[in-house]
Each structure stands twice: as C-alpha cells, then as structure tokens.
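A.B. asks:
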Amino acid sequence: MPTLANHPEKLPIVLGLTGASGSILGLTLLKELLLLDVPVDLVLSEKSLLVMYQETGFQYTQAKPEDRQIALCQFLALPAEKASLIQVESNKNIGAPSASGSHRTAGMVIAPCSMGTLAKIACGISDNLLTRSADVALKEGRPLILMPRETPLNAIHLENMLKLARLGVKMVPPMLSFYAPQFDTVAGQIHYSVGKILDLLGYPHTLYDRWHGLAKGIETV
Ligand SMILES: Cc1cc2nc3c(=O)[nH]c(=O)nc-3n(C[C@H](O)[C@H](O)[C@H](O)COP(=O)(O)O)c2cc1C
C-alpha cells in the first residue's frame with residue numbers, strides 16, 4: 088500500500104496556522120513540506136498573522152498579495168521556486184478548494200492550534216476556511232493532525248481534545264523531549280515536534296535523533 092510519502096500522486100497537505108503561540112512550529116513544518124516538494128494549501132487565521140509578527144518578526148501582509156509566497160520562502164531561507172508549491176487562501180474565503188471534500192488532499196495539519204479553533208472543530212463550527220477545512224478532513228476520513236498549544240489546560244480544552252481524539256484526530260502538542268543532546272536547544276525541540284508530525288504523515292526526515300535504547304552501562308532492574 089502506498090504511504091503518503093511514496094504515493095505516486097503528490098496530493099497537497101492543508102496546513103493551518105492559528106493565533107496560538109508557536110508560529111515557528113507551523114512555519115518549520117511548512118519549510119520541511121516544501122523541501123520534500125509537497126504542495127501546501129496554506130490557511131492563516133487572522134490572529135496567526137499577529138502572533139507570527141510578534142514572535143518571529145515576519146510580517147506576512149507587508150508584501151503585496153502576489154509576492155507573499157515568495158516572501159514566505161525568503162523568510163524560510165528557501166529558493167523562490169518553492170513558492171509555486173504554496174497555495175494561500177484567505178481564511179474568509181469559504182469557497183477555496185480545501186473547503187470542499189471533492190478537492191483531494193493528503194490530510195490537514197493545524198500547527199499551532201489555538202484552544203478557540205480546537206473548540207470550534209470539536210463542535211463542528213465551520214465559520215472560516217480553517218475550521219471548514221478541518222471539518223472536511225473529518226467528514227472525508229482524511230488524516231487530521233492538531234498541535235494544540237496552551238498551558239495549563241482546563242477541562243474544556245481537555246474534553247475537546249478527547250472528543251476529537253476519539254474521532255481519530257491526532258493530538259500532537261509540542262512536548263519537551265530530553266533523551267538526546269540535540270534537545271538542549273529550542274531549535275532541537277522545534278525539530279522534534281515537527282518531526283513527529285512528519286512521522287504521522289509518513290514523510291521521511293532527519294529532524295530528530297531517534298531512540299535507540301538505553302546508553303551502555305545503564306542497567307535495567
Ligand atoms: C502573543 C499571543 C499568544 C497567544 N498564545 C495562545 C496559545 O498559546 N494558545 C491559545 O489557545 N491561544 C493563544 N492566544 C490567543 C489566541 O490568539 C486567540 O484565542 C485567538 O482568538 C485565536 O484565534 P484563531 O484560532 O482563529 O487563530 C495568544 C494570543 C497572543 C496575542
């Protein structure tokens with residue numbers, strides 16, 4: 088059976104970014120997908136643009152609309168040719184391709200995912216392109232991967248996550264990892280979280296060191 092990574096037809100991934108903290112997680116995932124030549128249907132919530140500017144200094148709306156994909160590639164230190172792989176639609180455009188189940192995709196990732204967007208998806212509220220696209224992924228039985236980001240989590244957040252997890256949605260919060268020296272840096276932690284998403288989608292990567300067992304000399308009891 089073809090995995091997503093070796094599928095002869097490279098279907099796009101729908102990638103949503105919300106106004107949760109951690110824009111760099113979604114941007115790093117975008118970069119990795121483009122490096123793999125995977126087409127990306129990119130949906131940026133209005134609040135994601137504010138948080139992205141606050142956290143990374145990248146001001147998406149500074150460039151003219153026709154230049155924004157190239158500006159994104161420049162920010163991600165990617166060649167300008169990769170811009171042709173990115174299809175950006177306004178979050179207000181409920182008529183965009185990813186709003187319909189007839190538009191074939193390999194699935195959807197929302198990274199980072201705010202508690203507000205998570206709650207809407209859990210309740211079936213499709214009030215913008217991002218939430219509608221997630222609803223489409225769910226109804227079509229396609230992979231839906233969320234990277235929820237908030238701390239501490241209240242019972243509403245947890246109940247919404249449980250409800251979605253029971254529907255097959257993968258919850259991949261950015262959790263700290265410690266088993267390898269690369270995790271000593273924030274960049275190492277970001278690569279770990281993004282690598283976990285690529286693992287779930289079936290794409291190859293070398294973003295983090297895999298676990299190979301306990302170090303020699305450490306006895307199990
Ligand atoms: C700098 C900043 C950081 C934020 N971080 C989070 C967060 O980590 N998690 C969260 O759920 N909301 C966070 N928020 C609040 C969301 O941006 C807000 O709930 C917003 O309405 C989410 O809208 P969206 O899901 O449509 O992007 C943050 C807001 C700002 C300004």
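Using my numbering, you'd call the opening residue of the sequence shown number 88 and step up by one each time. All C-beta atoms in this analysis are idealised placements derived from N, C-alpha and C, irrespective of residue type, glycine included. Treat the numbers as computed from the prediction; the structure is a model and nothing was measured.
Let me check understanding here. Comparing Cα to Cα, which of LYS257, VAL273 and GLN161 lies closest to ALA170?
C.D. replies: For this step, residue 170 is matched to residue 83 along the sequence shown. Nearest of LYS257, VAL273 and GLN161 to ALA170, Cα basis: GLN161.
A.B. asks: Can you tell me whether ALA167 is helix, strand or coil according to DSSP?
C.D. replies: Here residue 167 is taken as the residue at index 80 of the sequence shown, counted from 1. DSSP places ALA167 in helix when its eight states are reduced to three.
A.B. asks: Assuming GLY103 is part of the beta strand (DSSP E), what are its boundary residues?
C.D. replies: For the purposes of this step, residue 103 is taken as the residue at position 16 of the sequence shown. That run of the beta strand (DSSP E) goes 100-104.
A.B. asks: Please go through the segment 198-228 and give each complete alpha helix (DSSP H) segment of 4 or more residues, from N-terminal end onward.
C.D. replies: If we require 4 residues or more, the alpha helix (DSSP H) runs fully inside the segment 198-228 come out as 202-210 and 216-226.
A.B. asks: Since I believe ASP128 is in contact with LEU172 (beta carbons under 8 angstroms), could you give me their beta-carbon distance rounded to a whole number of angstroms?
C.D. replies: Counted from its first residue, the sequence shown places residue 172 at position 85. Counted from its first residue, the sequence shown places residue 128 at position 41. That belief does not hold up - the Cβ atoms of LEU172 and ASP128 are roughly 10 angstroms apart, past 8 angstroms.
A.B. asks: Count the other CB atoms within 10 Å of the CB of PRO261; is the residue buried (16 or more) or exposed (fewer)?
C.D. replies: Along the sequence shown, one-based indexing puts residue 261 at 174. Buried is the call here.
A.B. asks: ASP286 lies in the alpha helix (DSSP H); which residues open and close that run?
C.D. replies: On the sequence shown, position 199 is the one that residue 286 refers to. Segment 273-288, the alpha helix (DSSP H) holding ASP286.
A.B. asks: Is PRO239 near ligand 1, going by C-beta to nearest heavy atom under 8 angstroms?
C.D. replies: As a working mapping, residue 239 is identified with position 152 in the sequence shown. False, no ligand heavy atom lies under 8 angstroms from that Cβ.
A.B. asks: I'd like to know if the segment 227-237 and the segment 280-298 are in contact, where contact means that at least 3 CB-CB pairs between them fall below 8 angstroms.
C.D. replies: With the cut-off at 8 angstroms, the segment 227-237 and the segment 280-298 touch.
A.B. asks: I want to check one thing, is the minimum distance from the CB of VAL101 to the heavy atoms of ligand 1 below 8 angstroms?
C.D. replies: In the sequence shown, counting from the first residue as 1, residue 101 sits at position 14. Answer for VAL101: no, Cβ out of range of ligand 1.
A.B. asks: Can you list, in chain order, the residues of its chain with a C-beta nearer than 6 angstroms to that of ASP296? Leave out the 5 residues immediately preceding and following it.
C.D. replies: Here residue 296 is taken as the residue at index 209 of the sequence shown, counted from 1. Excluding positions up to five away in sequence, the list reads ALA267 and GLN269.
A.B. asks: Tell me whether the beta-carbon of ALA167 lies closer than 9 angstroms to the beta-carbon of ILE157.
C.D. replies: Position 80 of the sequence shown holds residue 167. Position 70 of the sequence shown holds residue 157. Yes, these two residues count as a Cβ contact at 9 angstroms.
A.B. asks: For MET88 and LEU165, what's the separation of their Cα atoms in angstroms?
C.D. replies: Working through the sequence shown from its first residue, we reach residue 88 at position 1. Working through the sequence shown from its first residue, we reach residue 165 at position 78. Note that MET88 has pLDDT 46, beneath the 50 cutoff, so the model's placement of it is unreliable and no number is given.
A.B. asks: Go ahead and label THR148 buried or exposed: buried means 16 or more other beta carbons lie within 10 angstroms of its beta carbon, across all protein chains shown.
C.D. replies: Here residue 148 corresponds to residue number 61 of the sequence shown, with the count starting at 1. By the 10 Å Cβ count, THR148 comes out exposed.
A.B. asks: Given the structure, does LEU311 come close to ligand 1, in the sense that its CB is under 8 angstroms from one of the ligand's heavy atoms?
C.D. replies: Outside the modelled stretch of the chain, which goes from 88 to 308, sits residue 311, for which no answer is possible.
A.B. asks: With a threshold of 8 angstroms on Cβ separation, who are the neighbours of ALA224 within its own chain once the five nearest residues in sequence on each side are excluded?
C.D. replies: Position 137 of the sequence shown, counting from 1, holds the residue named residue 224. So the list reads VAL101, THR192, GLY194, MET195, PRO230 and LEU231, once near-sequence residues are dropped.
A.B. asks: Mind reading off the beta-carbon distance from PRO199 to LEU112? Whole number of angstroms is fine, and I expect it under 8 angstroms.
C.D. replies: Numbered from 1 along the sequence shown, position 112 holds the residue referred to as residue 199. Numbered from 1 along the sequence shown, position 25 holds the residue referred to as residue 112. Right, the Cβ-Cβ distance comes to about 5 angstroms (below 8 angstroms), so this counts as a contact.
A.B. asks: For ASP271 and PHE265, what's the separation of their Cα atoms in angstroms?
C.D. replies: Residue numbering aside, residue 271 sits at position 184 when the sequence shown is read from its first letter. Residue numbering aside, residue 265 sits at position 178 when the sequence shown is read from its first letter. Going from the Cα of ASP271 to the Cα of PHE265 covers about 8 angstroms.
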